[in-house]
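Student:
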Amino acid sequence: MTTGPGKEKFLKKTDKMRFGIDKVVKTLIISDFLLQGGWAFIGPIFVVLLSKQIQGGSIEIVGFIVALYWITKSIFQAFIVDILKIQKGEKDDFNFLIKGLFVANLVPLGYFFANQIIHIFILELIRAIAMACVIPSWSAIFSRHLDNHWADFYWNIENTAVGLATGFGAFFGGIIAAIFGFKILFVFVSTFGLIATFLLRSIKGQLFLSDKGFFNQNSLKNNKKSSGI
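Numbering (the numbering used here), first residue to last: 9 to 237.
#1: Compute the distance between the beta-carbons of I79 and F129, then report whether it is under 9 Å.
#2: Is DSSP giving Q244 helix, strand or coil here?
#3: From the DSSP output, which residues share a beta bridge with Q63?
#4: Beta-carbon separation of C141 and F104 under 9 Å?
#5: I need the straight-line Cα distance from I69 to I125, nearest angstrom please.
#6: Mapping DSSP to helix, strand and coil, what is N113?
#7: For D100, which residues in the same chain have their Cβ closer than 7 Å to its Cβ, ignoring the five residues on either side in sequence?
#8: Alpha carbon to alpha carbon, what distance is there between A169 and K81?
#9: Measuring alpha carbon to alpha carbon, tell me which of G213, F121, S198 ends up nearest A112.
#10: Pick helix, strand or coil for G45, following the three-state DSSP scheme.
#11: In whole angstroms, what is the alpha-carbon distance linking A75 and S210?
#12: Going by the CB atoms, is the gap between L215 and F110 shorter than 9 Å?
#13: By Cβ distance below 6 Å, which residues in the same chain neighbour G108 in space, the five residues on each side in sequence not counted?
#14: Under 6 Å Cβ to Cβ from E166, same chain only, skipping five residues before and after it: list those, please.
#15: Exposed or buried, G189, counting other C-beta atoms within 10 Å across all chains shown (16 or more means buried)?
#16: H157 by DSSP, collapsed to three states: which one?
#17: Is the beta carbon of I195 sitting closer than 9 Å to the one on F121?
#18: Report the three-state DSSP secondary structure of F196 (helix, strand or coil).
#19: On a Cα-Cα basis, can you pick out the residue from S66, K34, L57, W47 that is closest to G171?
#20: Does the Cβ of I149 have 16 or more other Cβ atoms within 10 Å, making it buried, or fewer, making it exposed?
#21: Short check: CB of F200 to CB of G45, under 9 Å?
#22: Measuring straight from C-alpha to C-alpha, what distance separates A204 and P116?
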């Protein structure tokens with residue numbers, strides 16, 4: 009059975025979508041799924057956690073803590089983005105990503121021992137700075153390794169994975185907290201997060217050591233597309 013050039017091109021693109029996902033992209037998505045799923049264990053019940061475990065916990069305090077996290081993260085992230093732009097290649101992105109994730113995922117173990125509001129403020133401040141290192145570096149590496157033709161598709165996969173991880177994490181987090189208590193959740197969050205962190209170490213060999221390597225790969229991809237490969 010013969011196929012026309014249009015169908016052959018479609019089949020090649022379909023095969024690429026099915027089997028040709030860049031290892032870096034795939035690993036980043038899986039890692040983020042584990043990370044977001046882990047943190048979702050405690051996300052929806054943070055207010056209950058503060059009111060039961062922390063002395064002086066209240067709705068107002070939760071608001072202050074959330075504000076501290078997001079404001080601190082946003083301010084530091086702006087500076088870190090500039091630092092990442094100055095450095096060439098992906099070595100710095102990878103270092104910021106791994107170190108930031110490692111520190112952020114130790115924070116839940118701090119929750120395990122916290123019993124004062126000041127402890128939570130300090131832990132959230134640390135997590136905010138750590139995640140300010142993670143977000144821009146993760147996005148930079150993910151974006152550079154996308155095939156331009158399938159960029160929207162892979163971003164949709166990432167968003168879907170995060171949504172599923174958050175939903176299932178919240179569901180099981182509530183059940184686990186009701187049966188075993190809050191503290192076991194902190195161990196789950198750190199465990200999932202640290203697995204996500206160490207999983208990313210497997211992509212170190214696939215990173216671009218210089219901007220030249222990045223542009224060369226993009227040129228190669230564009231040449232293949234123009235040749236119909």
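All C-beta atoms in this analysis are idealised placements derived from N, C-alpha and C, irrespective of residue type, glycine included.
Small disclaimer: the values here were computed from a predicted structure and weren't measured.
Tutor: Reading off the structure:
#1: Not closer than 9 Å, so no.
#2: Absent from the structure is residue 244, since the part of the chain shown begins at 9 and ends at 237.
#3: Note: Q63 sits in a beta bridge opposite Q124.
#4: Their beta carbons are under 9 Å apart, which means C141 touches F104 by this criterion.
#5: Pairing I69 with I125, the inter-Cα distance amounts to about 8 Å.
#6: N113 falls in the coil class under three-state DSSP.
#7: Answer for D100: L92, listed in chain order.
#8: Counting only the Cα atoms, A169 lies some 23 Å from K81.
#9: Put simply, of G213, F121, S198 the residue whose alpha carbon is nearest the alpha carbon of A112 is S198.
#10: The three-state secondary structure of G45, taken from DSSP, is helix.
#11: It is roughly 35 Å from the alpha-carbon of A75 to the alpha-carbon of S210.
#12: With contacts defined by Cβ atoms closer than 9 Å, F110 and L215 do not form a contacting pair.
#13: The answer, listed in chain order, is A138, C141, V142.
#14: The residues are I37.
#15: Answer is exposed; the Cβ neighbour count stays below 16.
#16: Under the three-state reduction of DSSP, H157 is assigned to helix.
#17: Residue identity check: residue 195 is Val in the sequence provided, not Ile. No, they are not a contact pair.
#18: Three-state result, F196: helix.
#19: Among S66, K34, L57, W47, the Cα nearest to that of G171 is on W47.
#20: So I149 ends up on the buried side.
#21: Yes.
#22: C-alpha separation (whole angstroms): 15 Å.
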